[in-house]
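Worksheet for the structure shown next.
Protein chains: 2
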Amino acid sequence: MRAEVAATVQDLVLERGYEETTVDDICATAEISRSTFFRYFPSKEDALFGETADAGEHLQHALTARPPSESPWVAMRRALDALIEQYEGHDERTRRLTRLIVGTPALAARHREKNAHWQELLRPEIARRIGADPADDSDPRTHAVIAAALGCVEAALTAWTASTQPQPLSTILDRAMGAVTEPPGQTSRHERSPGPAPSVDGRTTR
Amino acid sequence: MRAEVAATVQDLVLERGYEETTVDDICATAEISRSTFFRYFPSKEDALFGETADAGEHLQHALTARPPSESPWVAMRRALDALIEQYEGHDERTRRLTRLIVGTPALAARHREKNAHWQELLRPEIARRIGADPADDSDPRTHAVIAAALGCVEAALTAWTASTQPQPLSTILDRAMGAVTEPPGQTSRHERSPGPAPSVDGRTTR
DNA sequence: CCTAACATGAGACACAGTACCAGTAGTGGC
DNA sequence: GCCACTACTGGTACTGTGTCTCATGTTAGG
Chain F
5 MRAEVAATVQ DLVLERGYEE TTVDDICATA EISRSTFFRY FPSKEDALFG
55 ETADAGEHLQ HALTARPPSE SPWVAMRRAL DALIEQYEGH DERTRRLTRL
105 IVGTPALAAR HREKNAHWQE LLRPEIARRI GADPADDSDP RTHAVIAAAL
155 GCVEAALTAW TASTQPQPLS TILDRAMGAV TEPPGQTSRH ERSPGPAPSV
205 DGRTTR
Chain B
5 MRAEVAATVQ DLVLERGYEE TTVDDICATA EISRSTFFRY FPSKEDALFG
55 ETADAGEHLQ HALTARPPSE SPWVAMRRAL DALIEQYEGH DERTRRLTRL
105 IVGTPALAAR HREKNAHWQE LLRPEIARRI GADPADDSDP RTHAVIAAAL
155 GCVEAALTAW TASTQPQPLS TILDRAMGAV TEPPGQTSRH ERSPGPAPSV
205 DGRTTR
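Protein sequence lines, in the order shown, are assigned to chains F and B.
Going from the first sequence to the working numbering is simple: count from 1 and add 4.
Going from the second sequence to the working numbering is simple: count from 1 and add 4.
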């Protein structure tokens with residue numbers, strides 16, 4: 005039932021845009037009252053994001069499941085594989101939705117807020133791998149590594165949705181995360197080539 | 005005059021919180037009408053952020069002024085020095101405001117949205133330094149480097165506002181940005197020491 | 001049959017933000 | 001002095017989100 009309403013929201017929003025879709029429109033289409041809508045979802049945004057809300061937990065589990073020997077950056081990259089697949093799985097509809105999200109300021113903000121929530125979920129495991137105290141708020145490193153990695157995800161998603169015939173999302177993410185840790189200069193011979201970008205993962209261990 | 009209203013907003017918001025301050029309250033205190041308020045500021049959030057809105061341009065100029073030989077990451081770090089000083093200059097009031105911003109979801113979202121806008125400003129220069137085509141939306145690297153760096157800034161600001169007797173913001177940012185590019189393992193002998201963190205700026209050839 | 005949850009609907013309300021219209025002060029030309 | 005012109009200001013009504021309260025079924029258990 006909840007899912008049914010959520011599907012209605014997606015349909016309407018994909019059709020006419022987010023701002024142009026009022027809650028009353030949704031209620032009329034789903035044949036429910038405003039009261040019922042807001043009992044199901046705390047806000048209009050949540051009706052659109054609610055389905056993917058628990059992706060953070062999946063990410064957290066995937067991260068803790070990585071071998072302890074992996075560096076934080078590599079472990080993050082590998083843990084993101086599951087998330088990537090989820091995005092690429094549904095393919096066309098998900099890409100349209102993602103494009104709509106990055107193109108709507110209110111939704112993009114919500115998306116980033118979701119990332120901020122993931123911060124808290126991933127913090128313990130990343131802190132452990134860094135060797136930092138998770139409770140030490142004056143140590144910015146854990147937060148920084150997670151924010152940087154999630155920034156790369158955002159960059160990859162933007163690039164993915166921008167091109168009509170995109171490369172695999174995993175390849176794009178490899179390029180994004182590789183660009184952060186491997187600044188050009190010593191690796192400039194690769195950077196300009198259109199071929200596959202250097203991967204951040206340890207290809208040997210995978 | 006505009007600044008006067010903005011100061012009123014800051015006072016009220018610092019006193020009772022953001023959600024608890026209505027624009028009617030602001031108008032009553034500033035002795036203006038709602039119409040006038042919304043002619044000065046497009047939204048309540050902007051009345052709080054408006055003052056620092058042009059920091060993005062400053063950052064852009066600082067970035068293009070860096071020597072072309074510097075890597076993107078190093079140039080970003082050095083360009084952020086100006087922004088850092090701006091934060092540390094006003095000190096106590098700025099820190100209280102920053103803490104309020106990171107603690108209020110709506111304001112935190114707005115802050116990240118501002119970062120997203122800076123993306124566009126910094127993109128040409130970072131793309132140049134990476135050797136990427138700024139117009140190529142399918143290349144995530146430029147976006148990734150900027151998002152990662154701004155994520156480090158967010159991490160540094162969070163750590164800065166969290167501790168009652170904080171270290172210098174520049175030191176915190178060095179630690180944050182260093183943690184992303186220098187994963188522990190080969191540099192673990194430094195990471196646990198409470199002393200000054202390894203700086204990301206060019207101490208040798210970079 | 002009765003009642004105690006429970007979901008739903010209906011209406012009033014607070015607040016942000018927009019649009020439009022009217023008054024009012026300053027300014028320059030005649 | 002008078003008349004337009006302009007810009008700033010205030011007032012009012014409106015849309016839309018989200019909250020709250022209350023009334024109305026609806027159903028399972030006694």
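The C-beta atom is built at its ideal place from N, Cα and C for all residues, glycine as well.
Check whether the Cβ of residue i lies closer than 7 Å to any Cβ atom in chain B.
i, result
"serine 167 of chain F", "yes"
"glutamate 74 of chain F", "no"
"glycine 107 of chain F", "no"
"alanine 11 of chain F", "no"
Step through the CB atoms of chain F and report whether any lies within less than 7 Å of the CB of residue i.
i, result
"valine 184 of chain B", "yes"
"glutamate 117 of chain B", "yes"
"leucine 158 of chain B", "Rather than leucine, the amino acid found at residue 158 of chain B in this sequence is glutamate. Yes - at least one Cβ of chain F is within 7 Å of the one on glutamate 158 of chain B."
"glutamate 23 of chain B", "no"
"threonine 151 of chain B", "Sequence check: residue 151 of chain B is alanine here, not threonine. So, interface residue."
"glycine 189 of chain B", "Summary for glycine 189 of chain B: the model assigns pLDDT 49, below 50, so the residue's position carries little reliability; its value from the coordinates is reported in the next sentence. Closer than 7 Å: yes."
"isoleucine 176 of chain B", "yes"
"glycine 155 of chain B", "yes"
Starting from the beta carbon of residue i, find every residue of chain B whose beta carbon is closer than 7 Å, and list them in chain order.
i, result
"aspartate 58 of chain F", "Under the 7 Å cutoff, chain B gives no residues; its nearest Cβ is about 19 Å from aspartate 58 of chain F."
"arginine 145 of chain F", "Arg179, Ala180 and Ala183"
Which residues in chain B sit within 8 Å of residue i, going by Cβ to Cβ distance?
i, result
"threonine 162 of chain F", "Asp141, Pro144 and His147"
"isoleucine 88 of chain F", "The premise fails here: isoleucine 88 of chain F is roughly 13 Å from chain B at the closest Cβ pair, so nothing lies under 8 Å."
"alanine 112 of chain F", "Glu117 and Ala120"
For residue i, does the three-state DSSP call read helix, strand or coil?
i, result
"glutamate 19 of chain F", "helix"
"glutamate 8 of chain B", "helix"
"aspartate 141 of chain B", "coil"
"valine 13 of chain B", "helix"
"phenylalanine 45 of chain F", "coil"
"aspartate 58 of chain B", "coil"
"arginine 82 of chain B", "helix"
"arginine 100 of chain B", "helix"
"arginine 70 of chain F", "coil"
"serine 174 of chain F", "helix"
"serine 39 of chain B", "helix"
"alanine 136 of chain B", "coil"
"arginine 210 of chain B", "Low local confidence applies: a pLDDT of 36 at arginine 210 of chain B is under 50, so the model's placement there is unreliable, and no value is given."
"glutamine 64 of chain B", "helix"
"glutamine 169 of chain F", "coil"
"threonine 185 of chain F", "helix"
"glutamate 92 of chain F", "helix"
"glutamate 24 of chain F", "coil"
"threonine 108 of chain B", "coil"
For residue i, return the contacting residues in chain F, with the cut-off set at a CB-CB distance below 7 Å.
i, result
"glycine 54 of chain B", "Result: empty, since nearest Cβ-Cβ is about 17 Å, beyond 7 Å."
For residue i, verify whether its CB is less than 6 Å away from any heavy atom of the ligand SAM.
i, result
"alanine 83 of chain B", "Within the structure as shown, the ligand SAM is missing, as the structure has no ligands at all."
Residues of chain F with a CB under 8 Å from the CB of residue i: which are they?
i, result
"proline 170 of chain B", "Ser142"
Open item on the list: Under 8 Å: do the stretch 91-107 of chain F and the stretch 67-76 of chain F share three or more Cβ pairs, one atom per stretch?
Closed with: no
Task: Near-chain B residues of the stretch 19-50 of chain F - C-beta to any C-beta below 9 Å - done: none
Task: Touching by the beta-carbon criterion (3+ pairs, under 8 Å), the stretch 140-159 of chain F and the stretch 79-88 of chain F - done: yes
TODO: Please determine if the stretch 107-115 of chain F and the stretch 105-123 of chain B are in contact, where contact requires at least 3 C-beta pairs separated by less than 8 Å.
DONE: yes
Open item on the list: Measuring CB atoms only, is the stretch 142-153 of chain F touching the stretch 119-134 of chain B, in the sense that at least three cross pairs come out at less than 8 Å?
Closed with: no
Task: Three-pair Cβ contact test at 8 Å for the stretch 99-108 of chain B versus the stretch 36-47 of chain B - done: no
TODO: Say whether the stretch 51-60 of chain B touches the stretch 9-20 of chain B, bearing in mind that this needs 3 or more beta-carbon pairs closer than 8 Å, one atom from each stretch.
DONE: yes
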